[in-house]
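Numbering (our numbering), first residue to last: 1176 to 1785. Ideal Cβ placement from N, Cα and C applies to all residues, glycine included. Being a predicted model, the structure only gives us computed values, none of them experimental.
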Amino acid sequence: MPADRDFTAIMPLRRVAAMRTGEKPERGRARMKNSEIAVLFNEIADILELREENRFRVSAYRRGAQNIEGLPGAIEDAAADSALADIPGIGKDLASKINEYLDTGKISFLEELRKETPQVLIDMLRIPGIGPKTAVLLHRHLGIGSLEELRHAALDHRIRELPKMKEKTEENILKGLEFLERSGGRTPIGEAYPLAERIIDELGKLPEVKRITPAGSLRRFRETIGDIDILVTSPKAGTVIERFTHLADVERVLAEGTTKGSVITAGGIQVDLRVVDEKSYGAALCYFTGSKEHNIRLREIAIQKKMKLNEYGLFRTLRSGGERRIAGATEEDVYRGLGLPFIPPEIREDSGEIEAARRGALPALVGMKHIKGDLHFHSNWSDGAASLEELAEYGRKAGYRYLAVSDHSKSLRIAHGLSEDRLRAQIAEIDRINGQTRGFRLLKSSEVDILPDGALDLDSSVLEKLDIVIVAVHSKFKMPRPEMTRRVINAIENPHASILAHPTGRLLGSRDAYEIDMEAVIEAAAATCTAIEINAHPMRLDLNAAMARKAAESGVMISIGTDTHKPALEMRHIRYGVYTARRGWLTKEQILNTRTANQLLGILHKKRNR
DNA sequence: GCCGTTTTCGGCCCGACTGTTTTCAGTCG
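Below, the structure written as structure tokens:
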């Protein structure tokens, strides 16, 4: 490793750090204030922890952050309705800090804390294996002022001079720094999920493995994954863990115990494997699936009922002082033991699911089996890889009833967007292909550019010949918020527009959402019977789950589309869209492509015929 | 700092692994 390596490669960290500076509400940020406030509350928690403040005070800020981030609506709305105190974990103090941030763009308490806290302490907390105690120790005794200085201190063997620190500590710090630099934090689910499938597939071949399943944020289908958790039942844990730490994907072994193995893959992703007994499988699955906040709620319920819940089971405390297992083999048993129905993993975020479960009001979530087709697809008429005939073939093979051919429109020259004339020719060609097939249908569509003034890129005379008109922004991303909002609402109000695609334009890890008032857009979509897409591409997932929930609650129909350009690789992304919908509490009734082609066209054409 | 079908005060989830130790603190999830 060259001695002068800098850490500019840690981009996601830097972005987080930039958000932390807080003073200027960031340019180009359409995100609701929820996540900004969550980041700030987490920073307060970090700093309080470094200062060895009361740990319950620390977790109060973390819980507050989590609940604000998971809120389906905008925090501004809750504040305007004086309803902040209704959010679990938000009391008088946190509410006043939220109001202060919304009014002034800063939290003076945090400003004060920052003045007194060297940035390097916060940076060090991002290194795996370094917590608040170690960070303070390194800073105080060695005068470490940056991650680069920390690296030098480790290389110069100065860290081993400290109490309870030896060679191994230095080694781990260097590896932690390297990991941070390479992985930059969280991994998009589109990358993590296939890797997990590969590992599960490989380990599943072992005769010693009885059951194997993903857990953690992967099973909850979060947009990005911190690390991959895999749960196994086996009578021979040692054999399974040994095989796991020797898989081809493994670059480094972090831990290898009798119940747990932990590795870093060549791609820099951490994978944790846990082996449990058959009789604890359900309790362990529940525990390792999380979220942490959901688990804490479950344990609190257990305590209220004079029980104890851990990863081994649900136990009743006996008067004799002993305990008796009442559940553990399946998740259903555990929930039942707590007096709750089974709660699907995707909504275990402590965002109202426990209360809904108690009321018997959990939604019947949409599933992959309900999906009858894909509503966003490109052919080689624009920038896709496959011909129309091939698309029909792919669609049929996937078991779909229909697939919407939605090539780009003429303004998008770089993607060979179709002019009115070429689109007419494509329509005729699709009619010809549909005439030859039964039980499957290519839907005539177009992904029409929304021009800067909100007009559509194609003439009405051709739009009215399409089954579905998808509208989307592909240019001039940096418009000011009011103009961008007006632009998109103009497009939505066009009587031909049926679906608004990737509505915020964000690309996970590379491009922020453009500046747009999504609340207003959702309102306009509801008023005009326009559907909004969950773009299922794993780098987009746009709408995200919280906004999809909001949109559906407002009565907007949701369309799931993969935006596939290369069918062999991308069609399967539909699952990320479906699981995002599940995270947004959506039922099949709220999703367009759970309907037959005629049903969904009937819904969309209501607008045209108004 | 939050919260209350035991409570407005006194609690607040629980266990494994590592690295350094001879019994445990720190970190993680």
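Beta-carbon gap between residue i and residue j smaller than 8 Å
{"i": "residue 1348", "j": "residue 1325", "result": "yes"}
{"i": "residue 1428", "j": "residue 1415", "result": "no"}
{"i": "residue 1579", "j": "residue 1552", "result": "yes"}
{"i": "residue 1778", "j": "residue 1761", "result": "no"}
{"i": "residue 1484", "j": "residue 1474", "result": "yes"}
{"i": "residue 1622", "j": "residue 1645", "result": "yes"}
{"i": "residue 1659", "j": "residue 1690", "result": "yes"}
{"i": "residue 1587", "j": "residue 1624", "result": "yes"}
{"i": "residue 1711", "j": "residue 1749", "result": "yes"}
{"i": "residue 1442", "j": "residue 1508", "result": "no"}
{"i": "residue 1627", "j": "residue 1599", "result": "no"}
{"i": "residue 1423", "j": "residue 1393", "result": "no"}
{"i": "residue 1243", "j": "residue 1209", "result": "yes"}
{"i": "residue 1389", "j": "residue 1713", "result": "no"}
{"i": "residue 1374", "j": "residue 1405", "result": "yes"}
{"i": "residue 1752", "j": "residue 1709", "result": "yes"}
{"i": "residue 1577", "j": "residue 1721", "result": "no"}
{"i": "residue 1503", "j": "residue 1488", "result": "yes"}
{"i": "residue 1314", "j": "residue 1293", "result": "yes"}
{"i": "residue 1524", "j": "residue 1468", "result": "yes"}
{"i": "residue 1385", "j": "residue 1453", "result": "yes"}
{"i": "residue 1642", "j": "residue 1677", "result": "no"}
{"i": "residue 1411", "j": "residue 1383", "result": "yes"}
{"i": "residue 1582", "j": "residue 1557", "result": "yes"}
{"i": "residue 1277", "j": "residue 1270", "result": "no"}
{"i": "residue 1629", "j": "residue 1672", "result": "no"}
{"i": "residue 1337", "j": "residue 1312", "result": "yes"}
Where residue i falls: helix, strand or coil (DSSP)
{"i": "residue 1491", "result": "strand"}
{"i": "residue 1434", "result": "coil"}
{"i": "residue 1347", "result": "helix"}
{"i": "residue 1580", "result": "strand"}
{"i": "residue 1645", "result": "strand"}
{"i": "residue 1673", "result": "coil"}
{"i": "residue 1769", "result": "helix"}
{"i": "residue 1719", "result": "coil"}
{"i": "residue 1222", "result": "helix"}
{"i": "residue 1665", "result": "helix"}
{"i": "residue 1274", "result": "helix"}
{"i": "residue 1688", "result": "coil"}
{"i": "residue 1731", "result": "coil"}
{"i": "residue 1373", "result": "helix"}
{"i": "residue 1618", "result": "strand"}
{"i": "residue 1486", "result": "coil"}
{"i": "residue 1779", "result": "helix"}
{"i": "residue 1660", "result": "helix"}
{"i": "residue 1333", "result": "coil"}
Buried or exposed (CB count within 10 angstroms, at least 16 for buried), residue i
{"i": "residue 1341", "result": "exposed"}
{"i": "residue 1801", "result": "No answer is possible for residue 1801: the residues shown for the chain start at 1176 and end at 1785."}
{"i": "residue 1445", "result": "buried"}
{"i": "residue 1744", "result": "exposed"}
{"i": "residue 1742", "result": "buried"}
{"i": "residue 1216", "result": "buried"}
{"i": "residue 1758", "result": "buried"}
{"i": "residue 1432", "result": "exposed"}
{"i": "residue 1196", "result": "Bear in mind that a pLDDT of 32 at residue 1196, under 50, signals an unreliable position, so the number given afterwards is only what the model happens to contain. Classification for residue 1196: exposed."}
{"i": "residue 1619", "result": "buried"}
{"i": "residue 1213", "result": "buried"}
{"i": "residue 1231", "result": "exposed"}
{"i": "residue 1611", "result": "exposed"}
{"i": "residue 1479", "result": "exposed"}
{"i": "residue 1535", "result": "exposed"}
{"i": "residue 1261", "result": "exposed"}
{"i": "residue 1436", "result": "buried"}
{"i": "residue 1559", "result": "buried"}
Query raised in the report: Going along the chain, which unbroken runs of the beta strand (DSSP E) with 3 or more residues stay wholly within the region 1501-1557?
Result: If we require 3 residues or more, the beta strand (DSSP E) runs fully inside the region 1501-1557 come out as 1548-1552.
Requested in this report: Could you tell me whether the region 1610-1620 touches the region 1548-1567, where touching means 3 or more Cβ pairs closer than 8 Å?
Outcome: Between the region 1610-1620 and the region 1548-1567 there are three or more C-beta pairs closer than 8 Å, enough to call the two in contact.
Requested in this report: Count the CB pairs spanning the region 1624-1638 and the region 1706-1726 that are closer than 8 Å, and state whether there are at least three.
Outcome: no
Query raised in the report: Per the contact definition of three or more C-beta pairs closer than 8 Å, is the region 1496-1505 in contact with the region 1425-1442?
Result: No, the region 1425-1442 is not in contact with the region 1496-1505.
Requested in this report: Evaluate the contact criterion for the region 1217-1228 versus the region 1304-1316: three or more CB pairs, one atom per stretch, below 8 Å.
Outcome: yes
Query raised in the report: Which parts of the region 1561-1607 are runs of the beta strand (DSSP E), unbroken and 3 residues or longer, counting only runs that do not cross its ends?
Result: With a minimum length of 3 residues, the continuous beta strand (DSSP E) runs that stay inside the region 1561-1607 are 1577-1583.
Query raised in the report: Which ranges does the alpha helix (DSSP H) cover as unbroken runs of at least 4 residues, wholly within the region 1294-1329, from first to last along the chain?
Result: 1294-1299 and 1307-1317
Query raised in the report: What residue ranges within the region 1402-1476 form continuous alpha helix (DSSP H) runs of no fewer than 4 residues, ordered along the chain?
Result: 1412-1420 and 1456-1464
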